[in-house]
C-alpha cells in the first residue's frame with residue numbers, strides 16, 4: 064500500500080473517524096470496516112495508525128471511549144463523538160471541502176486559460 | 004464495575020490497549036475466515052494488516068497513560084475543591100462553633116508565634132552577619148578565684164588580641180571592637196552625647212555591609228592616626244538631614260576633630276544585641292593599650308569552638324607576653340545567642356506557650372468530638388449512600404485543616420499584635436527585645452504548627468467518627484449507650500490532660516509571682532528614696548590624669564553639696580544598683596598569703612566618710628572612717644563579711660587585703676555595717692563586701708541625697724554646665740527607679756507567664772465546662788428520673804459538681820507530679836523561694852480546682868433546672 068492513497072489518508076483519517084462516529088458510536092474495527100465499505104474498499108484504513116489516532120482524538124476530548132458488548136457478546140471499546148468532536152468535524156469538513164474544491168480547480172484548469 | 008475498581012490499582016492503560024487490539028484482530032480474522040481462509044491464515048493476515056503492532060501499541064499506551072494521569076490530577080483537585088466547599092458550608096452553618104474553634108486555635112498559635120519570633124530573632128538568628136553559624140564571641144574567664152557567683156567575662160587586652168590575630172589559625176577573622184560615649188560639640192556650641200563604636204577596617208566586610216554613601220575605613224586611615232569617622236544612617240538623617248554634603252565635613256568628638264568619610268546603613272551593628280545602634284563609627288587603634296576589647300570572630304568551617312579556644316590559649320602561652328603578664332585566664336568562645344540575658348526566660352516562655360497550645364488543641368478536640376457526636380447521623384447517611392470511609396475521613400480532615408488555616412491566619416494576627424505589645428511593654432533592661440521580627444522562618448513555623456495541630460486534632464475526631472459511623476448510628480436517635488460512654492471517657496481523658504498542663508503552668512507562675520513578691524519586699528539595707536547618682540563623663544583629652552579628674556570631681560562635689568534641694572552628698576566608686584570588684588585574692592588576718600597572680604573578684608566600694616550616712620546604711624559596730632587620709636588604710640566591712648570570716652566574733656581591729664601582686668598593704672577594720680543590696684535586688688543577700696577609702700577612683704559617682712520631695716536634678720545639671728560647658732550632659736539616675744529596674748526583667752517574665760497561664764486556665768475551664776454541659780445534656784432523662792424519684796436539688800447539684808471536681812483533682816494530681824519535674828526550667832530564676840516551694844504547689848492546685856468548680860456552675864444549674872416531666876417524655 065505504499066501508494067499515494069496512504070499519505071492522502073493520513074491527513075484525513077481523523078476527519079473520517081469523526082464523520083463515522085457522527086452516525087453512531089463504534090469500536091475501532093467497526094470504524095475501519097465502515098470506511099472501507101463507504102469507499103467501496105478504495106480506501107483501506109491503515110490499521111497501524113488507526114488506533115493511535117483514536118487515542119489521540121480521545122486525548123483531545125473529541126471522542127470518548129467506553130467499554131461495551133458487541134452483538135456477539137464480546138467486550139469491545141466503543142468510541143462516541145463528543146460535542147467538541149462535532150464542532151471539530153463541522154470545521155474540518157468545511158475546510159476539507161474548500162481544500163478539495165481548490166485542488167479540483169487546479170486540476171481542471173487547462174493551461175493557458177489565464 | 005469490577006474493572007473500574009481494578010483500574011484504580013492495576014496498570015490500566017496496557018490492559019485496555021491490549022484488549023482493544025486483540026478484539027480488532029479477532030474481528031478481522033473472523034472476516035477473513037468468512038471469506039474462506041483457515042483459522043491460522045486468517046489470524047496471520049489480520050495481524051499483518053495491523054502493520055507494526057508493537058509501535059501502534061506503544062503509542063496508544065503512551066497517549067492513554069498521559070491522558071489518565073492528567074485526569075487523575077484533575078479529579079483530585081476537583082475532589083479537593085469540593086471537599087473545601089463542602090467544609091466551608093458545614094462550618095458556616097454552625098458559625099458560633101466555628102468561631103470558638105478558630106479563636107481557640109488562634110490564641111494557642113498566636114502565643115507561640117509571638118514567643119517564637121523573639122526566640123528566632125534573639126536565640127536562633129541573633130546576628131545579621133554572613134555565615135552567622137560560625138560566628139562566636141571571644142572572651143576570657145578567670146581560671147580560679149571567681150567568688151562572685153556570677154559568670155565573669157574579661158575583655159582581652161589589645162596586646163593579646165594582636166597576638167591572636169597574628170598567630171591563630173582557627174579563624175577566618177578576629178574582630179575586636181569597643182563602644183563608648185563621646186561628647187560631640189555642635190555648631191551652636193552645645194554638647195551632646197553620642198554613642199561611638201570603634202572597629203577595624205575589616206569589620207565592614209566581616210558584617211557584609213557597605214557604606215550607603217562615601218567609603219568605609221581603610222588600613223591607611225589607621226596608619227595615619229585615624230581622625231576619620233563614619234556616621235550611622237539614622238544619625239545622619241536626624242543630625243545632618245540626610246545631606247550628602249555631610250561627607251567631608253568635620254565633627255568634634257571629645258574636642259578632637261574627625262572628618263566624616265561615609266554613611267553606614269542602620270543594619271551595620273555591633274554584635275551585642277543590647278547595644279543601641281551606634282551613632283558614629285571610629286577607627287579602633289589596636290596599638291593603644293589599656294582598655295579591654297570585646298572580640299567577635301568567625302571560625303573556619305571545619306573548626307569547632309572548643310579547639311579554637313584552646314588554640315588561642317596556647318598561642319598566648321607560647322608568647323613572650325605570658326612570661327611578663329600576670330593573670331590566669333582561660334579563653335572561651337560562645338555563640339552570641341548564649342549571651343542574651345533573656346535566654347532563660349525565653350526557654351521558659353517557649354515551654355509555656357507550647358503548653359498553652361496543647362490545652363488549646365485539647366479544647367478543639369473537644370469541640371470536634373462534640374460535633375461528630377451530633378453529626379453521627381449525617382455521616383451515617385453519607386456512608387449508607389455509598390461514601391467510602393476514605394472519603395468521609397478526607398472530608399473531616401479537610402474541615403479541620405480549614406480550621407487550621409483560619410486558626411493560622413488568626414494566630415499570625417494575634418502573634419503580630421502580641422509581639423508588638425511585647426516590644427512596646429519591654430522593660431529598659433531588655434532592650435534587645437526590640438529587634439524581634441516575624442520573619443519567613445516564623446511564618447513557616449507558625450504554618451507548620453497550625454497544620455500539625457489541626458491534623459492531629461482532626462485525625463482524632465475522624466478516627467472517632469469512623470469507629471462509630473456504623474449502621475446503628477443511623478438507627479439510633481442519639482448515640483448508643485456504649486458509644487456515648489466511650490466518648491465520655493475520651494473527653495474526660497482530654498480534660499484531665501488539660502487540667503494537668505494548666506496545673507504545671509499555675510505552679511510555675513505562682514513560684515515566679517512569689518519570687519517577685521519576695522524581691523519587692525526586700526529591705527535593701529539602705530534608703531533608695533530621694534537618692535540620685537550623678538555620673539560625669541570626663542573626656543580623657545580634657546582630663547588626662549587621674550589627679551585632674553579627682554580634683555574636678557572634688558570641686559564639683561563641693562558645689563553640688565550646696566545646690567538647692569540637696570541634703571547631703573558622697574563621692575564613691577559606684578552607686579547602687581551596681582557591683583564593683585577589686586581584682587585579686589582576699590586575704591584576712593591569719594590566712595596564708597595567696598599565690599601572686601590569683602585573680603579573684605572582691606566586692607568592694609571606694610567611698611568617702613559621708614557614704615554610709617548619705618546612703619542610710621546602718622553602722623552595726625565600731626565607727627565609719629575616722630581618719631580620712633589614705634595612709635590610715637582604714638576599712639569597713641559588712642555583716643556578711645564578718646559572718647563568713649569570723650562568725651560570732653568581733654571584726655574590729657582585724658585586717659584584710661586584696662592581693663594581686665603581693666605588695667598590697669593591709670587595711671584595718673574600724674567598723675561593721677549592715678548588709679545592703681547595693682548590687683541590685685537580685686544579688687545574693689549578705690554577699691561579703693569591703694569598703695575602703697576612695698583614693699584611687701577613675702570615674703567617681705556623686706551620690707546625692709535630696710531633701711524629701713525636692714528635685715535637685717535641674718540644679719545639679721546647671722552646676723555641671725557652669726563648671727565645664729564642654730562636658731557631655733551627665734547621667735543622673737534616680738536610685739529608687741534604678742533598683743526597681745533591676746527586677747523589671749524578672750517581673751516582665753512573670754507577667755508574661757501569668758498571662759499565658761491565665762490563657763491556659765481559661766481554655767481548660769472551657770474544656771471542662773464543655774464536658775460537664777455535654778454530660779448533663781446526655782443524662783437529662785436520667786436526671787429527670789432521679790428528680791421524679793425524689794432526689795433533692797442539692798443532691799443533683801452535688802453529683803454534677805463532684806464529677807467536675809474529681810476530674811480537676813485528677814488533673815491537679817498529675818500536674819503536680821509534672822510540676823516537680825517541670826519547674827527545673829525556673830531553677831535559676833527564683834529569688835527567696837525554692838523550686839519545690841510547697842505553698843506554690845498548693846496554691847497552683849487550689850486555683851485549678853477552684854476554677855474547675857466555677858466552670859461547673861452553669862452545667863450544675865442546668866441539671867438542677869431539669870423538668871422531670873419534659874425530660875422523661877422527650878426523645
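Chains as they are written, first to last, in the working numbering: chain F, 64 to 177; chain C, 4 to 878. All C-beta atoms in this analysis are idealised placements derived from N, C-alpha and C, irrespective of residue type, glycine included. This structure is a prediction, so every number in the text was calculated from the model and none was measured.
Query                                                                                                                                                                              : Result
Hey, would you say residue 60/C sits closer than 9 Å to residue 122/F, going by beta carbons?                                                                                      : no
To the nearest angstrom, how far is the alpha carbon of residue 871/C from that of residue 799/C?                                                                                  : 12 Å
Compute the distance between the beta-carbons of residue 418/C and residue 116/C, then report whether it is under 9 Å.                                                             : yes
For the candidate residues 488/C, 525/C, 693/C and 719/C, whose alpha-carbon lies nearest to that of residue 687/C?                                                                : 525/C
From residue 859/C to residue 297/C, what distance separates their C-alpha atoms?                                                                                                  : 59 Å
In three-state DSSP terms, what is residue 280/C?                                                                                                                                  : coil
Can you tell me which of 441/C, 402/C, 365/C and 327/C puts its alpha carbon nearest to the alpha carbon of residue 85/C?                                                          : 402/C
Using three-state DSSP, classify residue 107/F as helix, strand or coil.                                                                                                           : coil
In terms of alpha-carbon separation, which member of 291/C, 513/C, 48/C and 254/C lies closest to residue 841/C?                                                                   : 513/C
May I have the straight-line CA-CA distance separating residue 82/C from residue 148/F, to the nearest angstrom?                                                                   : 27 Å
Residues of chain C with CB under 7 Å from residue 91/F, in chain order?                                                                                                           : 23 and 27
In chain C, which residues lie less than 9 Å from residue 137/F when you measure between Cβ atoms?                                                                                 : 26, 29 and 30
Just the Cα atoms here: how many angstroms apart are residue 340/C and residue 128/C?                                                                                              : 8 Å
Could one say the Cβ of residue 76/F lies closer than 9 Å to chain C's Cβ atoms, at least one of them?                                                                             : no
Are the C-beta atoms of residue 164/F and some chain C residue less than 9 Å apart?                                                                                                : no
Since residue 54/C meets chain F, which of its residues come closer than 9 Å, beta carbon to beta carbon?                                                                          : 109, 110, 111 and 112
Whole-angstrom Cβ separation of residue 642/C and residue 689/C, contact assumed at under 8 Å?                                                                                     : 7 Å
Is the stretch 584-596 of chain C in contact with the stretch 714-723 of chain C, if contact means three or more CB pairs nearer than 8 Å?                                         : no
I want to see whether chain C comes within less than 9 Å of residue 121/F, judged by CB atoms only; does it?                                                                       : yes
Is any beta-carbon of chain C found at less than 9 Å from that of residue 168/F?                                                                                                   : no
Could you give the residue range of the alpha helix (DSSP H) that holds residue 759/C?                                                                                             : 747-781
Give the DSSP-derived three-state secondary structure of residue 77/F in the structure shown.                                                                                      : helix
If I follow the unbroken alpha helix (DSSP H) through residue 347/C, where does it start and stop?                                                                                 : 346-387
How long is the line joining the alpha carbons of residue 26/C and residue 91/F, rounded to whole angstroms?                                                                       : 9 Å
Just list the alpha helix (DSSP H) runs in the stretch 668-742 of chain C, keeping only unbroken ones of 4 residues or longer that don't cross its boundaries, in chain order.     : 716-726
Skipping 5 residues on each side, what residues in its chain have a beta carbon closer than 8 Å to that of residue 164/F?                                                          : none
Rounded C-beta distance between residue 144/F and residue 85/F? I'm assuming under 8 Å.                                                                                            : 6 Å
What does the alpha-carbon distance come out to for the pair residue 397/C and residue 379/C?                                                                                      : 16 Å
I'd like to know if the stretch 284-294 of chain C and the stretch 140-147 of chain C are in contact, where contact means that at least 3 CB-CB pairs between them fall below 8 Å. : no
Run through DSSP, which three-state label would residue 597/C get?                                                                                                                 : coil
Alpha carbons only, please: which of 763/C, 792/C, 660/C and 876/C is nearest the one belonging to residue 108/C?                                                                  : 763/C
If you run the structure through DSSP and keep just helix, strand and coil, what is residue 541/C?                                                                                 : coil
Count the other CB atoms, across all protein chains shown, that sit within 10 Å of the CB of residue 832/C; report buried if there are 16 or more and exposed otherwise.           : buried
Buried or exposed for residue 863/C, please, with buried defined as at least 16 other CB atoms from any protein chain shown within 10 angstroms of its CB.                         : buried
Output, in chain order, the set of chain C residues within a Cβ distance shorter than 9 Å of residue 88/F.                                                                         : Correct list: empty, because the minimum Cβ distance to chain C is about 14 Å.
Sort 97/C, 75/C, 338/C and 604/C by Cα distance to residue 130/C and report the nearest one.                                                                                       : 338/C
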